[in-house]
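Engineer:
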Amino acid sequence: MLCTSIGGVGIAATQLCQTVQNVTVFGTASASKHEIISQGGVTHPIDYRTKDYVEEIHKISPDGVDIVLDPLGGIDTQKGFSLLKPLGTLIVFGAANCVTGQKKNLLAMAKTWYNQLSVNSQKLMQANKAVGGFHLGYINDEELISSTMATLLQLYNQGKIKPRIDSCYHFEEVGDAMRRMHERQNIGKVILLPEPKKEEDKPQSSPEPGDKTEAVVKEEKKEEAMEEVKAEKD
């Protein structure tokens with residue numbers, strides 16, 4: 001089960017799931033994005049805005065699921081743990097519930113912290129469940145990282161996985177990039193380009209009403225090219 005299966009990590013995890021034979025994938029996303037994640041490999045898309053995904057999953061799989069990937073934290077971690085089958089595993093790799101808008105929300109952070117899952121070894125043993133965490137920034141084993149990257153590149157060369165890039169922004173456009181993610185408009189990864197934006201890409205003067213700047217025309221062409229790529233993938 002993938003919480004927020006429409007982002008870059010969710011799409012990557014879905015692609016990796018497809019390397020497992022006869023896998024069933026549950027994924028949450030807004031209704032407008034269900035078709036896209038279904039094409040990407042999500043077996044049962046669930047609209048988290050209008051439905052309780054725990055109830056929806058139990059309707060299809062009464063015993064629950066084997067693995068839950070949770071980037072949200074707080075109450076969703078508790079829900080994920082409750083969804084596990086015996087010998088199932090919950091992997092926590094984020095706390096997105098702490099961020100509810102473009103600014104820090106101390107109330108959301110406090111709520112997420114208060115609702116976080118609290119377990120001990122005795123409870124895990126009696127429930128026959130496992131909980132793990134993942135934070136790439138704290139992995140210092142270079143050999144592990146290298147071997148993992150080699151495996152991923154092999155899958156990429158075999159055409160089994162392919163990173164999905166939603167959009168690219170220059171560093172001076174980081175505000176626009178963050179806004180796109182906060183408004184949950186992205187489908188895949190939002191990339192920041194380290195090089196500065198070229199002068200010819202910037203509008204030189206205020207256009208007359210109805211006229212388009214060169215930058216706007218280029219942006220439209222860029223969007224058209226992305227649409228063509230998406231159409232070819234579909």
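Residue numbers for the sequence shown follow the working numbering, beginning at 1 and rising by one. Every residue, glycine too, gets a C-beta built ideally from N, C-alpha and C.
With a cut-off of 8 angstroms on the beta carbons, I'd call T112 and G88 a contact; round off their distance for me.
Structural biologist: Going by Cβ atoms, the distance from T112 to G88 rounds to 23 angstroms, so no, they are not a contact pair.
Engineer: Quick one: Cα of L263 to Cα of I11, how far?
Structural biologist: No answer is possible for residue 263: the residues shown for the chain start at 1 and end at 234.
Engineer: Got a sec? Which residues, its chain only, sit under 8 angstroms from D70 by beta carbon, not counting five neighbours each side?
Structural biologist: Taken in chain order, the residues that qualify are C3, D76, T77, G80, L90, I91, V92, F93 and G94.
Engineer: Leaving out the 5 sequence neighbours to the left and right, which residues in its chain are closer than 8 angstroms to G132 when beta-carbon positions are compared?
Structural biologist: T89, L90, I91 and V92, listed in sequence order.
Engineer: Do V119 and S82 count as a contact pair if the criterion is CB distance below 8 angstroms?
Structural biologist: Taking 8 angstroms as the Cβ cut-off, S82 and V119 do not qualify as a contacting pair.
Engineer: Provide the residue span of the beta strand (DSSP E) that contains Y138, from first to last.
Structural biologist: First-last for Y138: undefined, no H or E at that position.
Engineer: Measuring alpha carbon to alpha carbon, tell me which of T151, E35 and V99 ends up nearest D47.
Structural biologist: Cα-wise, what sits closest to D47 is E35.
Engineer: Between the Cα of H182 and those of D66, L124, N97 and P86, spot the shortest distance and give me the residue it belongs to.
Structural biologist: For H182, the nearest C-alpha among the options comes from N97.
Engineer: If you reduce the DSSP assignment to three classes, tell me which class A127 lands in.
Structural biologist: It is helical.
Engineer: Is it true that the CB of P86 sits closer than 8 angstroms to the CB of N128?
Structural biologist: A contact, by the Cβ cut-off of 8 angstroms.
Engineer: Using C-beta distances below 8 angstroms, list every residue in its chain close to H135, excluding the 5 sequence neighbours before and after it, in chain order.
Structural biologist: Excluding residues within five positions, the ones whose Cβ falls inside 8 angstroms are F93.
Engineer: Rank A31, Q15 and S30 by C-alpha distance to the C-alpha of T24 and give the top, closest one.
Structural biologist: Nearest option by C-alpha distance: Q15.
Engineer: If you count every other CB in all the chains shown that lies within 10 Å of the CB of A13, and 16 or more means buried, which is it?
Structural biologist: It counts as buried.
Engineer: Might you give, ordered along the chain, the residues of its own chain that have their beta carbon closer than 6 angstroms to the beta carbon of R184, omitting 5 neighbours on each side?
Structural biologist: There are no such residues.
Engineer: Below 8 angstroms, how does it come out for the segment 169–177 and the segment 150–160: are there three or more Cβ pairs, yes or no?
Structural biologist: No, they do not touch.
Engineer: Enumerated in chain order, which unbroken segments of the alpha helix (DSSP H) with a length of 4 residues or greater are wholly contained in the segment 15–44?
Structural biologist: Within the segment 15–44, the complete alpha helix (DSSP H) runs of at least 4 residues are 34–40.
Engineer: If contacts are defined as beta-carbon pairs under 8 angstroms, then G8 and G159 qualify, I think. What distance do you get, rounded to the angstrom?
Structural biologist: The Cβ separation is near 19 angstroms, so there is no contact.
Engineer: Over the uninterrupted beta strand (DSSP E) stretch that includes T89, give me the two end residues.
Structural biologist: From DSSP, the beta strand (DSSP E) with T89 extends over L84 to V92.
Engineer: Is it buried or exposed, A31, if we count other Cβ atoms within 10 angstroms and call 16 or more buried?
Structural biologist: Result: exposed.
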